[in-house]
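Engineer: My questions all concern the structure below.
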Amino acid sequence: MEEIPTKRPRVELLNDVHSHPAKSNEKDETYSEEQYSSMSKYFQKSVRRLKSDFYEQPCITLAKNLLGQILVRKLPDGTELRGRIVETESYLGGEDQASHSRGGKQTERNMAMFMKPGTMYVYQIYGMYFCMNISSQGDGAAVLLRSLEPLEGLHHMQTFRRNLRKSNSKPLKNKDLCNGPSKLCQAMVLDKSFDRRDLVTDPMAWLEEEENKIADKDIVSCERVGIGNAGVWTSKPLRFYIRGNIYVSIRDKTAEA
DNA sequence: CATCTGATGTGCT
DNA sequence: GCACATCAGATGA
């Protein structure tokens, strides 16, 4: 068993959950009317967990097909948090010099990148943050989740995000809850304990199918973020996001034109 | 809007 | 030792 390298003890998280009990039949007051309308439509549909065959796609294909899918996180008290994936990045493994698996190198940290498609790869970065990836088809290949459109449990997300901030900070806007790889991990309470777990079978985290696939014309492809100098790999168009979506972390106006 | 800085600790050379 | 798939706050335009 891995230790959870976070300064936030799990007990504190549970207390936060209990101080804001889920009210499944009530409108979440943090939604705008427009958001709630969109969400109601979502809840009327019969949703289903994505199965293993969904993840068995090449890294770039999976990164694009993940756009629009719903990430679900169930908390210990039964509360379910939901967010729609709106931004991803491909890390191809082997030849990709920006990938943790560059050169086909396997380490204790990146083991999940070599596990079966649908395995979560969660690692700690800058000492205080986490990033979540999903293993794809291909040795050492995985997709980084960069941004979510928060759909359900925004009040909880606000709490988890603000826990790490100063007490006098203002409430975050909805668009700032999950618009970054480590922000979404904070909001969805995803940490190192999820590393190497399987989205196909895990009781606390999974993906639900969104029927309306994002069309190619609505997907912006551009450079990845924060990978420094990785030679020719620095500028390859391996970041994908939904065109015009306000929940994306960083927009690339040049790529959008 | 753009750009800078400090926080923070682990993995890997 | 040092780089690091980041974030929030501050500053200047």
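Here the first sequence is numbered in this note's numbering, starting from 249 and rising by one per residue. Here a beta-carbon is modelled for each residue, glycine too, at the ideal position from N, C-alpha and C.
(1) Flag this pair as yes or no: are the beta carbons of LEU315 and VAL295 separated by less than 9 Å?
(2) With DSSP as the reference, label ALA453 as helix, strand or coil.
(3) The alpha helix (DSSP H) with ILE490 in it runs from where to where?
(4) Name the one or two DSSP bridge partners that ILE373 has.
(5) Can you give me the C-alpha to C-alpha distance between MET452 and LYS322, rounded to a whole angstrom?
(6) Using a Cβ-Cβ cut-off of 8 Å (strictly less than) and excluding sequence neighbours within five positions of GLN292, which residues of its own chain qualify?
(7) Checking 9 Å against the spacing of the C-beta atoms, do MET380 and LEU438 come in under that value?
(8) Mind checking whether PHE362 and ASP387 have CB atoms under 9 Å apart?
(9) Expressed to the nearest angstrom, what Euclidean distance is found between the alpha-carbon atoms of CYS470 and THR482?
(10) With a threshold of 8 Å, establish whether the CB of GLU458 neighbours any heavy atom of the ligand PLP.
(11) Mind checking which residues open and close the beta strand (DSSP E) that includes TYR339?
(12) If you reduce the DSSP assignment to three classes, tell me which class LYS322 lands in.
(13) Count the other C-beta atoms from every protein chain shown that fall within 10 angstroms of the C-beta of PRO269, then say buried if there are 16 or more, exposed otherwise.
(14) Hey, quick one: how far does the alpha helix (DSSP H) through PRO429 stretch, first residue to last?
Structural biologist: On the basis of the supplied data:
(1) Going by C-beta atoms, LEU315 is not nearer than 9 Å to VAL295.
(2) If DSSP states are grouped into helix, strand and coil, ALA453 belongs with the strands.
(3) For ILE490, no alpha helix (DSSP H) segment is defined; the enclosing uninterrupted segment is the beta strand (DSSP E) at 487-490.
(4) Looking at the DSSP assignment, ILE373 forms a beta bridge with TYR377.
(5) One C-alpha to the other measures close to 5 Å.
(6) In this prediction, GLN292 has a pLDDT of 46, which is less than 50 and means its spatial position is unreliable; what the coordinates show is noted afterwards. Closer than 8 Å at Cβ, skipping near neighbours: no residue.
(7) Yes, Cβ-Cβ distance for MET380 and LEU438 is below 9 Å.
(8) With respect to the 9 Å criterion, PHE362 and ASP387 are classified as neighbours on the basis of their beta carbons.
(9) So the alpha carbons of these two residues sit roughly 11 Å apart.
(10) The ligand PLP is absent from the structure shown, which contains no ligand whatsoever.
(11) Element bounds for TYR339: 328-339.
(12) Strand.
(13) Residue confidence for PRO269 is low, a pLDDT of 33 falling below 50, so the modelled location carries little weight; the figure read from the coordinates is stated next. By the neighbour-count criterion, in which a residue is buried when 16 or more other Cβ atoms sit within 10 angstroms of its Cβ, PRO269 is exposed.
(14) Note, PRO429: alpha helix (DSSP H), 429-435.
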